Amino acid sequence: MGKTMASLDMLDEGTMLARYKQAVEQAITRVPVKNGVVDIDSIWIEASIPFDLLRRILALSDLSLPENVERINSKTRVREGEPSAAGGRRKSKRHRRRKVRN
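To convert a position in the sequence shown, counted from 1, into the numbering used here, add 9.
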């Protein structure tokens, strides 16, 4: 166990980015594609890496995309708290207090 921790410390940033890039490329193959477009939110959920790091990796020009993916939509709906397509925020249900009878 100590050997793996020591080897992780020795990895430089370029090596770590290459590994994350590979993980993102594999995640892109597993997410839904609509009309050749993949959402960044889907990649973020599938890859399970920090959002800022994902944006940094997607900015790299040498990212290889599958044939059915033309582009990646980088506008997020999850991080900004945009309301869902199902109608937005739900109204809270207020319950009437029942009177106690003697």
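Backbone N, C-alpha and C define an ideal beta-carbon position, used for all residues, glycine too.
These numbers were taken from a predicted model, which means no experiment stands behind them.
Query, Result
"Straight-line gap, Leu69 to Ala56 (C-alpha atoms, nearest Å)", "16 Å"
"Cβ neighbour criterion (16 or more within 10 Å) applied to Leu63", "buried"
"Whole-number beta carbon distance between Val42 and Ile81, since they are thought to touch under 8 Å", "Their Cβ separation, rounded to whole angstroms, is 10 Å, which puts Ile81 and Val42 out of contact at 8 Å."
"Extent of the continuous alpha helix (DSSP H) run through Ile54", "Ile49 to Ala56"
"Simplified DSSP state of Lys30, which is helix, strand or coil", "helix"
"Bridge-paired residues (DSSP) for Ile81", "Val47"
"Closest by C-alpha distance to Thr24, when choosing among Asn44, Thr38, Ile66 and Ile54", "Ile66"
"Nonlocal neighbours in the same chain, by C-beta distance under 7 Å from Val40, ignoring five residues either side", "Val47, Ser51, Ile52 and Glu55"
"Limits of the unbroken alpha helix (DSSP H) element including Asp71", "Per DSSP, Asp71 belongs to no alpha helix (DSSP H) and is neither H nor E."
"Alpha-carbon spacing of Pro75 relative to Ala36, whole angstroms", "11 Å"
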